[in-house]
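Counting with numbering that gives the first Met the number 0, you get residues 0 to 648 for the letters of the sequence shown.
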Amino acid sequence: MEEFGRRRFLARAAGAAGAVGVKTLTGTAAAATGAAGDAASAAGYVDVQLLHITDLHGYLAAPPARDSRITGAGGRTYAVGGVAYMATHLARLRAGRANSFFFAPGDLFSGWEFPAFTLADEPTIEALNRLGLDFATAGNHEFDRTPGFLRRHMEEGLSYEGAGLTNTFPDSSGAPFHGAGFRYYSANAVSGTGGETVLPPYNIEWVDAPDGRRLPIGFIHLTAVGTEFLGNSFQPGLTTLDGLTAANLCAARLKALGVGAIVLSMHDGAVAGEDFDSGSEPSGPAYELALRASPDIDAIVTGHWHRAFNMMLPDPAGRPRPFVEAGCHGQIIGEITLRLDPGTGTVVRALTSSVNHPNTRDVDPDPVLAEAVGYWTGYAQRRGATVIARQRASFSRRLTPAGESTMGNLVADWALWAAGQAPDSFDTSTRPAHPGADLALIALAPRAGRSVINTDLLAGAVPDGPVTFQRAWTAVGYGCPLISAEVSGSRLHDALEQQWALDGSGVLTYAPLAVSDNVRYSFDAAGAVGDRVAPGDVLIGGVPLRPEATYRVVTTSYTLTGQDGYPALGQYREPARHRRDSDSFPAYVSALGTLTAVSTGRVRAKAAPLLAPGREGLLLTPADPVPGLPAPVAAEEAAARDAGRRPVC
């Protein structure tokens with residue numbers, strides 16, 4: 000394997016791509032011409048098989064219920080999913096193919112299955128190693144922890160310690176975790192400080208040709224633009240550059256190196272109909288890029304949107320090339336066949352074909368993969384049953400007349416604690432000069448999305464009853480980091496005022512914020528919207544809030560960036576990333592040892608009780624999917640909700 004080093008030439012990709020005229024296209028059948036399937040026409044060319052999956056998200060046993068069936072031609076449906084079945088299908092597809100590569104456009108791990116999520120995604124890496132994955136694009140979820148975690152733990156297998164809990168586990172053979180047997184790439188994910196790519200931008204693979212010669216194929220990789228601002232993958236030290244510019248720069252570089260066949264693997268997607276093995280009326284960012292990407296790129300494989308389609312689109316020179324996506328959660332194995340001219344190494348486009356194969360469950364599962372899935376499922380169950388603390392008090396999401404809850408107060412106290420903890424190993428992101436935070440804010444009923452709090456934590460009938468790891472993991476979190484940042488006292492005051500707002504019908508709505516134990520404030524329940532909280536009535540560490548001062552606040556990534564309905568917090572400085580909520584909250588419970596009652600009375604209504612008849616304000620419980628979020632996130636939320644799992648953030 001040959002790969003281009005981490006050069007700063009990609010900084011040029013930060014500029015906007017030039018506009019190109021676009022016509023509405025519906026695509027054609029997933030073969031460039033009728034000759035693509037003709038054995039006689041293909042004789043004498045070098046046959047190359049490209050197998051691909053995307054967005055596995057750690058669903059090793061089966062996908063969520065919503066995604067367990069896919070629809071093909073004529074409305075026929077297929078039951079799909081599971082890596083043990085995938086291994087059987089891959090063996091059949093690879094049989095007799097000398098030049099075969101298996102890769103993915105990203106989001107392979109960091110999903111919402113309990114085994115994968117809580118076992119540092121090591122079950123997913125073992126499965127992918129056993130499936131024979133050759134290389135992968137870094138999607139947004141590959142950055143859910145840190146770039147260092149991706150490189151050092153997931154790729155290199157170095158021991159990972161974080162949140163005070165064990166995070167490295169023996170695999171199904173009993174061997175210690177040794178990392179991925181494949182590499183990750185990204186041409187447009189760069190360091191926010193130095194501008195260098197955090198992963199190699201492309202890789203060059205070689206195929207066997209007649210007379211003992213070998214021909215190169217280049218694979219360019221793109222991470223979803225905006226990854227650094229998404230809830231799960233919020234990374235202050237990361238920047239994603241324009242994908243089209245990065246792809247075209249890499250294509251030109253590969254061509255200059257003598258590479259005649261080029262494939263783009265990108266973690267962004269499109270919509271192109273409901274039939275998983277065809278495409279019609281495509282739309283979406285990957286489609287727009289496909290229309291403009293360099294004609295030197297011979298195939299475009301997409302992901303991120305959890306959609307399935309298979310079609311040919313013309314490049315800017317009018318020549319057809321595959322434009323495909325393989326669904327999500329192990330539903331589909333895509334197969335592209337390229338035929339190379341043995342003399343030039345270029346792709347004979349007229350002979351290109353593509354098929355999306357359903358990963359059906361009507362074959363014998365591979366026994367090795369089936370055993371590995373069973374092993375990790377059992378391991379997660381045992382870890383989930385581990386007692387990490389005892390409980391003497393109950394914690395409920397039920398609001399007091401002032402909009403306070405004991406569960407909210409517990410979670411706010413956790414957030415303040417988490418901001419003061421040392422970062423995970425391999426986290427090299429910028430840290431604040433003074434660790435910790437001045438206060439914590441937790442949205443209990445945000446106007447957009449959902450609260451980080453999932454359930455109550457009620458004490459049982461037995462004194463000092465057990466709190467298991469899985470119970471704590473389930474209670475709080477959706478896989479997003481906590482973020483601390485500097486905000487002005489004026490902005491902090493405005494955020495408290497934004498708990499109350501009039502909706503489109505003029506109805507007063509209330510989206511309360513829980514505050515950490517070092518905060519006390521009162522509000523005028525009879526005051527006008529925007530004028531209910533006096534700065535002098537907000538005490539932080541016993542000192543009145545000063546609008547001109549600067550405070551370091553810790554909250555969830557969505558709340559800080561204004562996506563939860565508190566836009567005043569969106570104007571922040573010096574953000575610092577802390578551990579993911581679902582990793583950190585169990586660690587907090589474990590550190591406490593015993594859950595005892597939290598303080599109450601942190602928030603007080605001066606005049607009429609907030610929830611008195613006629614004065615209460617409508618407590619918001621927004622419907623999923625979250626309005627305003629990207630379509631792939633909304634789709635993932637819907638799938639997770641239908642399966643009874645937590646949605647993504």
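Yeah, the Cβ is synthetic: ideal placement off N, Cα and C, and Gly gets one too.
Buried or exposed (CB count within 10 angstroms, at least 16 for buried), residue i
i	result
W205	exposed
T385	exposed
D314	buried
T192	exposed
T620	Reliability fails at T620, whose pLDDT of 37 lies under 50, so the model's placement of it is uncertain and no value is given.
T593	exposed
H433	exposed
L243	buried
G4	Bear in mind that a pLDDT of 35 at G4, under 50, signals an unreliable position, so the number given afterwards is only what the model happens to contain. G4 is exposed by the Cβ-count criterion.
P321	buried
T117	buried
R391	exposed
L669	Absent from the structure is residue 669, since the part of the chain shown begins at 0 and ends at 648.
V461	exposed
E227	buried
V367	exposed
L253	buried
L544	buried
P480	buried
P281	buried
Alpha-carbon to alpha-carbon, residue j and residue i
i	j	result
R360	V372	15 Å
R151	S428	14 Å
A548	H492	11 Å
H51	T87	15 Å
S521	G402	11 Å
P624	A447	Confidence in P624 is poor, its pLDDT being 30 and thus under 50, which makes the residue's placement unreliable; the coordinate value appears in the next sentence. About 9 Å.
A61	A474	24 Å
E370	A436	46 Å
I299	V542	58 Å
D297	I261	6 Å
S489	P319	56 Å
P146	S232	10 Å
A439	R396	17 Å
W375	M153	17 Å
P63	H328	8 Å
P585	L339	54 Å
A388	F134	41 Å
S67	H305	13 Å
P341	F218	19 Å
R348	V410	57 Å
A223	S172	35 Å
V346	L55	29 Å
A510	W499	6 Å
L221	S483	29 Å
Terminal residues of the alpha helix (DSSP H) in which residue i lies
i	result
A85	The residue asked about is misnamed: residue 85 is Met in this sequence, not Ala. Per DSSP, M85 belongs to the alpha helix (DSSP H) from V82 to R93.
I124	E121 to L130
R382	P366 to G383
S556	S556 to L559
R470	F468 to A474
Residues bridged to residue i [DSSP beta-bridge criterion]
i	result
F142	Bridge partners of F142: none, in fact.
E324	T301 and F308
F181	F181 pairs with nothing; no bridge assigned.
G217	I203 and I261
Candidates the options, of which the one nearest residue i by Cα
i	options	result
P122	A179, Q48, G71 and R75	A179
T599	V189, S393 and A510	S393
Y571	G561, G131 and R578	G561
N187	P341, T239, G564 and S483	T239
R430	W413, G236, G173 and T222	G236
P534	L507, C249 and P546	P546
L507	G230, G529 and A250	G529
A442	D365, T554 and V354	T554
A119	V602, Q380, V532 and S109	S109
N98	L214, Y184, P284 and S185	L214
A271	S264, A307, N247 and A245	A307
N453	M406, G156 and D423	M406
For residue i, the first and last residue of its enclosing beta strand (DSSP E)
i	result
R490	Segment G488 to E496 is the alpha helix (DSSP H) holding R490; no beta strand (DSSP E) there.
P313	A307 to P313
I335	I331 to L339
Q357	Note that residue 357 is Pro in the sequence shown here, rather than Gln. First-last of the beta strand (DSSP E) with P357: S352 to P357.
R578	R572 to R579
Closer than 8 Å to chain B by CB, residue i
i	result
W472	Here chain B cannot be found, since the structure has a single protein chain.
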